[in-house]
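Okay, so here's the structure we're looking at.
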Amino acid sequence: MKLAVPRRHRSIALAYLLLLVLVVVGRIVASGFLGVDHIDELIDEGALIGFVALGQGFVILAGGVDLSIPWVVTSAGILVTTFTGTNSSNMLWDVPLIIGLAAVVGLINGIGVVFLGVTPIIMTLGMSTVVEGALLLYTNGSAGGNVPHPAVFLATHKIGQVPVMGLAWLVLIVVVTFTLSCTPFGRRLYAVGLNRRVALFSGVDVKLVTCSVYVISSCAAAFAGIALAGYVGQSYLGMGDPYLFTSIAAVAIGGASILGGTGNYIGTVAGALTLSVLNALLPTLGFQPAVLDIVYGMVILVAVAAASLGGRARTD
Amino acid sequence: MSRQANESGILSARGVSKSFGGVAALHDVSFDVLPGEIHALVGENGAGKSTLVKIIAGALSPDAGEVLFKGDPFKPSDPGAAAEAGIGIVFQELPLIPDLTVAENVFFDRQPLTRVRTVARRRLRAECVEAFERFSLTGIDPEAQVRDLSVASRQLVAILKALAADPSLLVLDEATAALGPSEVTWLLEQVRAAAEAGVAVIYISHRLAEIADICQRLTVLRNGESVGSWRNGELESEELVRAILGRRLGQLYPGIPPTVKPKVMLETKGLRAGRRLRNLDLQVKEGEILGIAGLEGQGQLELILSLYGMLTSHGSIFVDGVEHRINSPRDALRAGIGLALVPEDRKTEGLLPTLTIRENLALPVLHRVSHLGYISSQKEAELVGPTIHRLNIGRQDPSQLAGDLSGGNQQKVVVGKFLISGARVLLLYDLTRGVDVGAKAEMFLTLNELAAEGYSMLFYSSDVTELVNVAHRIVVMFDGLVCADLLNDGSLDEEMIVAHMLNAADRTGVVGSLVR
Amino acid sequence: MDVRPGIAWALAIVLFVVYALQQHDVLSRLQLTDLCSATVFLVALGLGEGLVLLTRGIDLSIGGVLSMGTAIAATHFVSPGTELLWSSVIIVAGAGVGVLNGALIGILKLQPFIVTLATWSIVSGVALLILPIQGGSIPPHFASWINQSSLGLPNAAWIILAMVAGWSWFKRTRLCRRIYALGSDPEGAAIAGVNTRSTLIAVYGMAGVCAAVGSILYAMLTASGDPTVGNGEILPAVTAVVIGGTSLYGGSGGFVGTVGGAFALTLIADVVFAFNLTSYWQQLADGVVLIIAVLAGGAVRSMRLRRAALRAP
C-alpha cells in the first residue's frame, strides 16, 4: 500500500506530528496550557522564530549557513528604537533604511562566500563580529529610546481575535511557500542546493542565487528584529542571541537537510511552532530557561542524525 | 573446505558486480591471480578496472559476488585492513599525502618510534634510505615534502611504498602513466623481481607493449564485463585490440542515414583552452554527427568544456554563422549549445536525482514556462510532455523521480533537457558509458532521428566501434590539434581509426608504440 | 620553509611596537605579565581549534566548554585544595564533549559545524544551569597565580612555553601525522590506512580538553565566572589559528603560528586601548582580521596549487 504522504514530504509530516504530540503532552501535564491568551503568545513567539528561520532556511537550502543572524536581529531592534523613538511618521522611512542596511550586510556575506570563496561559517561568523562592533560604535554601547507605535502594533495588537503578527506570518508563509515551489527562483534554489554543478550545467546563475539567499536572510533577520523590539517593548544588546540556535533548530526540525537542497517553509513553520511550545512548556514544568538551550542542541543533533541515518538506509 | 581445494589463486574474484546509481560499473566479473604470477588487467577507460581495484582494496564493497584472498572470503572493512592482510596497492589517483614527507609516506603507519612515542626521525630516514637502496631507486630526498615533488617522482614513491611493505599481492593501477622510459624499465625490473620472489601481481596499464613485455596472463574487461582471460602471446595484437575495443553485433547500430546538410552549424577557429587544447579548427554541419576520436587526454574534454563555457577559451566560436563569446553554460545555452556529459566518476552530472523528471527537464527553460513570475504547470507540462514521449523515458510519468530511472533513461533525461532548451548543437561526451546494450541501441536510434531533424552533434566516445557506426565524419585529435579528418563513407573501420590515433603518437614520438 | 607562522609573529611584533611607542611603560614587567596572562587562554583554545582545522573541521562547541568551565570554577573552587579536584572535573567534562563531537562526526559522518553548533548550545545551557548569571568567585590565592612569576618569567608565559613544548613532542607522534594526512587528503589518508573514526574522536577530544584548560585559565584571569563568555571567544580562537597560517582547507599549519596569532589579537585590543578608542573597535577589527586572514590563506593556497600544476609534465 502506498502512503498518502509523498516521500519528499514525509519528514514535514513528522514535524507536525511532533508538534501535535507536544501540544497534547502540554495539555495533560500543565494545567491552563493552551488557554486563549496562551495561544496568542505561542503564535507570536512562533512567528518571531519563523521570521528568522525563514532567512536561515533559504541559506541552508542553498547549502550554506548564516551565523550573523543574531547581531542583525539585535542591530535592527536597536536601530528602530534609536532612529524613530515614538515618532511613528519616521517609521515610514526608517524601516526600509534598516532593512536596506541589513541587505548590505547580507550582500557582503554573499560576495564573500560566492566570489571570494570564504566558507559560509567563517564569513558569516566574521561578519557577525563586524556588525556587532559597528553597532556598538554607533550606539556607544547603550541601547535606548522607545519602540515606535507601528512596531508595537505589529507585535502586540489584534485584529478581532487574531494577533497582527500571526497575520503577518501567515502572509509570509504564503509568499515564501509560493516562491519556493512555484517560481523559477525557487526551482533554481533547490537545484543549487542539491548539486551546484548540475545547476550550472543547466544554465542556472549559481552565483546570483547563492548571493541572494544571504541578502534574504539578513533582511528577514532585520524584520524579525523590528518585530522583536515591538514585542518586548524595548531594545537591548544581545536581544538577538537566542535566534542563532532557534533558527537552525526550526529548520532542522522542519525536515530540511543541513547539506541543502531539501525541505520547505511549511516544515520550518512546524519547527518554529514546536520551539515556541517548548519555550512555553518547559518553564511551566519547572525547568529553568537554560534547559531550552540544551533542548535546542539535542533537537538539532537528533534531526541531523536521523536525516543522515535515513539517507544512508535509503542508499544501501 | 571444498572450495579451497580448487582455489589455487592468491586472490580470486567470483562473480563480482557493482553499480552506481543505476549504472553498472562491474557485472559478474571473475578472475584469479596465482602466486608469482604477473596478471594484466586491460580495458578502455570506464571498463571497470579501477572499480575492481577499489573493491580489492576495501574502499568499495561489491553488490554481488565475493573476493577470496588466500582461499578465504575477503571483505576488508577499510583499506588499512587490506594493507594489513598483505595487499599492496598503487592507485591511479591519490597516490600520496601531499603535506607529509617522502619517508613519512613510505612508512605511513609503520613509522619507527622512540621511547617517548614520537617518530624516530633518524631511524625513519635510515630505513627509508635502506628501502631506496634495496629497490635501487635514486634521486629522491626522503625528507622532501611530497607536494614539492614532480608527478613522476610521486608515482615512484608510491610504488616504493607498496613494495617496501613486502606484500603478498601487489596491485599496480596505471602505475606507469606518469613515468618516463627509464623509470618504466626500473618498475618492470622491480615487478619481475617481486614475482620471482613469489608475489602475485595485478598489473593494469594502457600500454600494451609493457603488458606483452611483462605479464604471464591477461584478462580483458569491457564495459564492466570480463571478455576473457588469455596467456600472454595467445592473442595477436589486433585480436587483443579488438577484444578491448569491442566488436559488437551489427544490429546494435541502426546504420547511418545521410542527414548531413551543407549549412555549417558550429565552427571553431584557433580554439585554445587549458594546457591541452592548442589550436583547433572544426566545422560541424547541420544534421551531422561528428565523431571525435583520440587517445586519452588529447584535448577532447577541453574542447567540449570550452564549447560549453566551463573552461576559459581563446579563439572564435560560431554557431549558425554568428560569432558567440561563451563564458558560462548560460552563454552556451543562449547560443544554442547543449551538453550531455558523463563524468569520470559516473555520478551523473546531468541531473538531480531527488527531483522529478519534469523538474529536471524544465530547469534550463524556467523563464519560458513561467508567467508573471510563477511557473505555470500547464505550460511546463506542454513543454515537457512531448519530449518525455518522444525519448520514451521510463514509464513516461513526468512525476517519477529521476534517481529511480535506469542509467540509460537518466541519459535520455539529460539529452532531453537540452532538446527542450532549444539547443541546435548537442555536445555528447561519453554518453553511452556504463549503459546496457539495449539502452544504447535505443539511444543511437534517437541520435539518428535528431540528426534527421537537423540537430548537429559532437559525439565523443572512448569506444572506437561506436564512433565508426554512429558518426558521419570522424576527426582524430592528438596533442590539442586535429590530426585526421575522415569521412565515414563506409570504407572506414576501427583499425584505420586506431592506426590514425597511433600514427600521430608515433610521428611525434611522444607516447611510443602502444601496440606491438 | 613555510613563512605563514612568521606572518602572524610579524603582525604581533608590529602591533607590539606600535603599542610600545604609544604606551611607554609597556616594557615594564607588569605590562608583559599582563600581556601573557591575557593571551594564555586564547593560546589554549587555539591549540585545540588548530587541531580541528587541520582535519578540515571546525569546533564551535569550544565556546560552550569555555562558558561551562568558568561556571564550574566560579561555583566550586570554594575551599583551598578543591581547585585541583574541580579542575580535573572541568577537563574531563571538556574531553567528554569533545569525544561526543568526534564520535558524531567520525562515526555518523555528520557535518562538523552542525554537530559542534548543537553541542555548543547544549553545553551553553549546562553552563547557565550551573551559574545563571555572571558572578561567583575564584579564591584569590589560586587566581593570582596566573599574574605571578616564577624563575624570572610570568607563570602565564611558562604555560605557553609548556604548550609549545608539548606541541613539538606531539607533532612528531604518529597520531599527529595521521591528523595531517586526514586533513591533507581524506580519501587518500583512508586508503593509506588511517582510521578516520578514532583519529577524529582523538582530535575533537583534544580540542575539548584544550578548551577546558582555557576555561580554567580564563577563570583565573577574571577571578570570576561568566556563563556566556564563550560565545564571544569562538571567533578569536578561530582567528588566531587562521592568522597563524593554518589552512581552513586542512592539512597544513601548526601551533607556533597560532601562538603568534593569539598575541596579535591581544595586542589589537591593547593598541585600541592605547589610542583611547573604545573597545568596540576591537570587535570590528577581529572580524575584519579573520576575513582578511582567510582570504590571504586562500590566495597562498591557490598560488601553491598553480605552482604544482606548472611542475606537472
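The listed protein sequences correspond, in order, to chains A, W and C. Just add 81 to wherever you are in the first sequence, counting from 1, and you've got our numbering. Just add 977 to wherever you are in the second sequence, counting from 1, and you've got our numbering. Just add 898 to wherever you are in the third sequence, counting from 1, and you've got our numbering. We put the beta carbon where it would ideally sit given N, CA and C, even for glycine.
A residue is called buried when at least 16 other Cβ atoms come within 10 angstroms of its Cβ; V1106/W does not meet this threshold and is exposed. Between T1071/C and chain W, the shortest Cβ-Cβ separation is below 9 Å.
Classified as exposed, E1166/W has fewer than 16 neighbouring CB atoms from the shown chains inside 10 Å of its CB. Here C1108/C carries a helix assignment [DSSP, helix/strand/coil]. By the beta-carbon neighbour count (other beta carbons within 10 angstroms, threshold 16), I1031/C is exposed.
Close to R91/A, with beta-carbon spacing below 8 Å, lies no residue of chain W; the smallest spacing is near 13 Å.
With respect to A1177/W, L988/W sits close: the two C-beta atoms are nearer than 9 Å.
Taking each of A1055/C, Q1181/C, T1094/C and G1159/C in turn and checking the Cα distance to A1191/C, the smallest one comes out for G1159/C. If you ignore the 5 residues before and after A1034/W, its C-beta comes within less than 6 Å of the C-beta of P1056, A1059 and I1066, all in its own chain and listed in chain order. In the DSSP assignment, the residues bridged to Y1180/W are A1017/W and L1149/W.
The bridge partners DSSP lists for K1246/W are S1293/W. Look at G207/A: its C-beta is under 9 Å from a C-beta on chain C.
Checking the DSSP bridge columns, you'll see I1032/W has no partner listed. Going by DSSP, G214/A is part of the alpha helix (DSSP H) stretching over P201 to T220. Residue contact check for A1117/C against chain W: no CB pair falls below 9 Å.
Residue environment: D1184/C is assigned as buried (16 or more neighbouring CB atoms within 10 Å of its CB, all protein chains considered). DSSP, reduced to helix, strand and coil, places K1047/W outside both helices and strands of the structure shown, so it counts as coil. Counting only residues of its own chain and dropping the five nearest sequence neighbours on each side, Q1193/W has a CB closer than 8 Å to the CB of E1014, I1015, H1016, R1208 and N1209. If you draw a straight line from the Cα of A272/A to the Cα of V1391/W, it is about 15 Å long. With a threshold of 9 Å between beta carbons, S1433/W makes no contact with chain A. Under DSSP, R1199/W takes part in a beta bridge, and its partners are E1202/W.
Interface annotation for the segment 1158-1186 of chain C against chain W: empty, criterion Cβ-Cβ distance under 9 Å. Contact between A1429/W and P1234/W holds: CB atoms are separated by about 6 Å, below the 8 Å threshold.
For N1256/W, the closest alpha carbon among the candidates Q1132/W, S1293/W, R1094/W and K1238/W is that of S1293/W. In the three-state DSSP reduction, Q1260/W falls in the strand class (E or B).
One finds nothing in chain A with a Cβ atom closer than 7 Å to the Cβ of F1153/C; even the nearest lies about 20 Å away.
Comparing alpha carbon positions, the residue from L1424/W, M1420/W and L1403/W closest to A1309/W is L1403/W. Nearest in C-alpha terms to V916/C, of all of V1170/C, L930/C, G1151/C and V1187/C, is V1170/C. From the beta-carbon of A1016/C, the residues of chain A found nearer than 7 Å are G378, I381 and L382. Contact residues of the segment 262-276 of chain A toward chain W are C263, T264, P265, R268, R269, Y271, A272, L275 and N276 (C-beta to C-beta distance below 8 Å).
With a threshold of 16 other beta carbon atoms within 10 Å, R1092/W falls short and is exposed.
In this structure, V290/A and Y346/A do not form a Cβ contact; the two beta carbons are roughly 17 Å apart against a cut-off of 8 Å. By the CB criterion at 9 Å, S1354/W and P265/A fall outside the cutoff.
Contact between K1246/W and E1263/W does not hold, since their C-beta atoms are separated by about 19 Å, which reaches or exceeds 8 Å. C-alpha of R902/C to C-alpha of G1155/C: approximately 7 Å in a straight line. Assignment of beta-bridge partners to W1207/W by DSSP yields L1195/W.
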